[in-house]
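Visitor:
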Amino acid sequence: MKSKAFRYLWLGQAFANAGDVLYVVALIAEIYDESHSPLYMALVPFIVTFSRFLSSIIAPLLLDRYALKALLFHSQVLKTGLLLLLFFTMTVQIGAIWPLLVLAAMIAFLDGWAQPAQNAMVPLLVKREELLGTNGFLSTVDHLIGISGWSIGGILTAMISTKGTMAVTFILYIFSTIFMARISLASQQTPSAANKKLFLDYVHSLTTGWTEIWSNARLRRVHYIYWIETAASVVWIAAIMYIFVEKQLKVGEEWWGFINAAFFVGLILASIMMLRFHGILGKGQQSYIWLSSMLTAIITFAFSFNAIPVLALLLSCLFGLFDQSKTVVLQTIVQWEAEPDRLPKVYAAQTSLVTMTFGAASLAAGWFVEHHGVRSAFILSAICLSISIIPAKVLAKSLKSET
897 MKSKAFRYLW LGQAFANAGD VLYVVALIAE IYDESHSPLY MALVPFIVTF
947 SRFLSSIIAP LLLDRYALKA LLFHSQVLKT GLLLLLFFTM TVQIGAIWPL
997 LVLAAMIAFL DGWAQPAQNA MVPLLVKREE LLGTNGFLST VDHLIGISGW
1047 SIGGILTAMI STKGTMAVTF ILYIFSTIFM ARISLASQQT PSAANKKLFL
1097 DYVHSLTTGW TEIWSNARLR RVHYIYWIET AASVVWIAAI MYIFVEKQLK
1147 VGEEWWGFIN AAFFVGLILA SIMMLRFHGI LGKGQQSYIW LSSMLTAIIT
1197 FAFSFNAIPV LALLLSCLFG LFDQSKTVVL QTIVQWEAEP DRLPKVYAAQ
1247 TSLVTMTFGA ASLAAGWFVE HHGVRSAFIL SAICLSISII PAKVLAKSLK
1297 SET
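Just so you know, the working numbering puts 1173 at position 277 of the sequence shown, and the rest follows in order with no gaps.
1) Rounded to whole angstroms, what's the CA-CA distance from Q909 to L1259? Just pull it up for me.
2) Pick from V940, S1189, K1146, P1236: whose alpha carbon is nearest that of P1287?
3) Measuring only the C-alpha atoms, how far is L1291 from L1226?
4) Do C1213 and V1131 have their beta-carbon atoms positioned less than 7 Å apart in this structure?
5) So with Cβ pairs under 7 Å, would you call G1045 a contact of chain B?
6) State the Cα-Cα distance for the pair L1239 and D1219, rounded to the nearest angstrom.
7) Grab me the residues of S952's own chain with a C-beta within less than 6 Å of its C-beta, minus the 5 sequence neighbours each way, in chain order.
8) Where does F1173 fall in DSSP's three states?
9) Taking the beta carbon of T1126 as the centre, do at least 16 other beta carbons fall within 10 Å, making it buried, or is it exposed?
10) Give the secondary structure of I1204 by DSSP, where H, G and I count as helix, E and B as strand, and everything else as coil.
11) Give me, in chain order, the residues of the same chain whose beta-carbon lies closer than 8 Å to that of S1294; leave out the 5 immediate sequence neighbours on both sides.
12) On the three-state DSSP scale, how would you describe K965?
13) For T987, does the count of other Cβ atoms within 10 angstroms reach 16, so buried, or fall short, so exposed?
14) Does DSSP put L960 in a helix, a strand or coil?
15) So, at 6 Å on beta carbons, what are the nonlocal neighbours of K1289 in its own chain, with the 5 sequence-adjacent residues on each side left out?
16) Could you round the C-beta distance between L1171 and G1029 to whole angstroms and report it? I think they count as a contact, below 8 Å.
17) Taking only three categories from DSSP, how would you classify G1262?
18) Check for me: the alpha helix (DSSP H) holding N1015 runs from which residue to which?
19) Excluding the 5 residues preceding and the 5 following F1197 in the sequence, name in chain order all residues of the same chain whose CB lies nearer than 7 Å to its CB.
20) Thinking C-beta only, is G1049 closer than 7 Å to V940?
21) Taking only the alpha-carbon atoms, compute the straight-line gap between F1075 and L905 and give it to the nearest angstrom.
22) Drop a sphere of 10 angstroms on the beta-carbon of V1206, count the other beta-carbons inside from all chains shown, and report buried for 16 or more, exposed for fewer.
23) When you compare only the Cα positions, how much space is there between R1078 and F1201?
24) Under 8 Å: do the region 1054–1072 and the region 1250–1265 share three or more Cβ pairs, one atom per stretch?
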């Protein structure tokens, strides 16, 4: 974690992530000012998510053809150029919304292969025994940016307008590009000519990550857990939580913000815990995997019947704590188990799985809440989380047999 290359990686990604949040905040505000339509405003996060999903599908083709650093660096260069074009499009005030949405989609599309490349670079830059703590640190940085970015973005946009926020984002992207250019990967080889030929055999390239997951029992169980829990956890997203606050807690909408904030506090506490106590938690991670799955199911079930606002804050924080700490452990197992040359494609497959599942489950959850109520949705979520204990238990047993 002390190497210059790793420092450049996390700083570069931190600046990029901060910029990603700020430009989405500015774009949502700009589109709402232009259209005064909540529907158009809601299109921004949908298009960003969908574009990242499409990009993650073709990511293995690029990961076969280019070195990780080159892919990450050139992706950020292109994002910076597109953001500048987005800034000028907003400045000239052409009066049309679709060019802004198209440019936002293109910027998000470049993230679909940047994220797997970044995750795959981590094991190349830190020692194996430091992976758990490193992932905890990176997770802490990501969530701190996620929490502060939206609030700071709103304040910036109010103070210096959407164009000013875009200008700040452009500066952040420039810093990100500089840091990524300075990353040195001594242990990674440039893809060989044989690997480049795989570009023609696109089916093989697209399925390499999925094949690696399916052929490795531990990776398969990890992704069973990811799949089940991604679907189950959509009840904790902002839209469903808003209904829970209104219908069950029967308090003002400010509590919606409080509960979301408590959830993120739990995420940060988990990441800090993994960073500070990774040695202790690493030794007991076999038990922690299934225990945290059980605790998130219990917390969700308790939350479904709760009508006390203060208790909702505590339960939300606890859910974030156990859910995030388990995610860090699972992420570390993926980095241990996958072959280094296939790790980027495993992450690309994982991104596709999680994004696709989250999108479908979000729509399903919205329909379910409308027809059966928000309490029933949380109960169903708790049941699904309970099911995830089964692969978690099997995975824990497999890890324990190795020690």
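Beta carbons: idealized from backbone N, C-alpha and C, even for Gly.
Guide: Reading it off the structure:
1) Residue numbering aside, residue 909 sits at position 13 when the sequence shown is read from its first letter. Residue numbering aside, residue 1259 sits at position 363 when the sequence shown is read from its first letter. Straight-line Cα distance between these residues: approximately 30 Å.
2) Mapped onto the sequence shown, residue 1287 falls at position 391. Taking only the C-alpha atoms, the option nearest P1287 is S1189.
3) Stepping through the sequence shown from its first residue, residue 1291 is reached at position 395. Stepping through the sequence shown from its first residue, residue 1226 is reached at position 330. Note on geometry: alpha-carbon atoms of L1291 and L1226 lie some 10 Å from one another.
4) By one-based count along the sequence shown, residue 1131 stands at place 235. By one-based count along the sequence shown, residue 1213 stands at place 317. Going by C-beta atoms, V1131 is not nearer than 7 Å to C1213.
5) Within the model displayed, chain B is absent; a lone protein chain is all it includes.
6) Looking up residue 1239 in the sequence shown gives position 343. Looking up residue 1219 in the sequence shown gives position 323. Distance between L1239 and D1219, taken at the CA atoms: about 23 Å.
7) Walking along the sequence shown from the start, residue 952 turns up at place 56. Same-chain partners within the cutoff: G1008, A1244, T1247, S1248.
8) Counting from 1 along the sequence shown, the entry for residue 1173 is found at position 277. Of the three classes helix, strand and coil, the one that applies to F1173 here is coil, per DSSP.
9) To locate residue 1126, count along the sequence shown from 1; it is residue 230. The Cβ neighbour count for T1126, taken over all protein chains shown within 10 Å, is at least 16; the residue is labelled buried.
10) In the sequence shown, residue 1204 corresponds to position 308, counting from 1. In this structure, I1204 counts as coil in the three-state DSSP scheme.
11) Numbered from 1 along the sequence shown, position 398 holds the residue referred to as residue 1294. Exclusion of the five residues before and after S1294 leaves A1113, R1114, R1117 as the residues of its chain whose Cβ lies within less than 8 Å of its Cβ.
12) Position 69 of the sequence shown, counted from the first residue, corresponds to residue 965. Of the three classes helix, strand and coil, the one that applies to K965 here is helix, per DSSP.
13) Taking the sequence shown and counting its residues from 1, one reaches residue 987 at position 91. Burial check for T987: the Cβ neighbour count within 10 Å stays below 16, so the residue is exposed.
14) The count along the sequence shown starts at 1 and reaches residue 960 at position 64. Per the sequence presented here, residue 960 reads as Asp, with Leu not at that position. DSSP places D960 in the helix class (H, G or I) of the three-state scheme.
15) Position 393 of the sequence shown, counting from 1, holds the residue named residue 1289. The beta carbon of K1289 is closer than 6 Å to those of W1186 in its chain, skipping five residues each way along the sequence.
16) For this step, residue 1171 is matched to residue 275 along the sequence shown. For this step, residue 1029 is matched to residue 133 along the sequence shown. L1171 to G1029, Cβ: 5 Å. Contact.
17) As a first step, residue 1262 must be located in the sequence shown, where it is residue number 366. Of the three classes helix, strand and coil, the one that applies to G1262 here is helix, per DSSP.
18) The count along the sequence shown starts at 1 and reaches residue 1015 at position 119. 994–1021 is the span of the alpha helix (DSSP H), which, as asked, contains N1015.
19) In the sequence shown, the residue the question calls residue 1197 occupies position 301. Non-local beta-carbon contacts of F1197 in its own chain, meaning distances under 7 Å to residues more than five positions away in sequence, involve I1275, A1278 in chain order.
20) Reading the sequence shown from its first residue, position 44 is the one you call residue 940. Reading the sequence shown from its first residue, position 153 is the one you call residue 1049. Taking 7 Å as the cut-off, the beta carbon of V940 is found no closer than this to the beta carbon of G1049.
21) Working through the sequence shown from its first residue, we reach residue 1075 at position 179. Working through the sequence shown from its first residue, we reach residue 905 at position 9. Here the alpha carbons of L905 and F1075 stand approximately 7 Å from one another.
22) To locate residue 1206, count along the sequence shown from 1; it is residue 310. Exposed.
23) Here residue 1078 corresponds to residue number 182 of the sequence shown, with the count starting at 1. Here residue 1201 corresponds to residue number 305 of the sequence shown, with the count starting at 1. So the two alpha carbons sit approximately 52 Å from each other.
24) Put simply, the region 1054–1072 does not touch the region 1250–1265. Fewer than three CB pairs are less than 8 Å apart.
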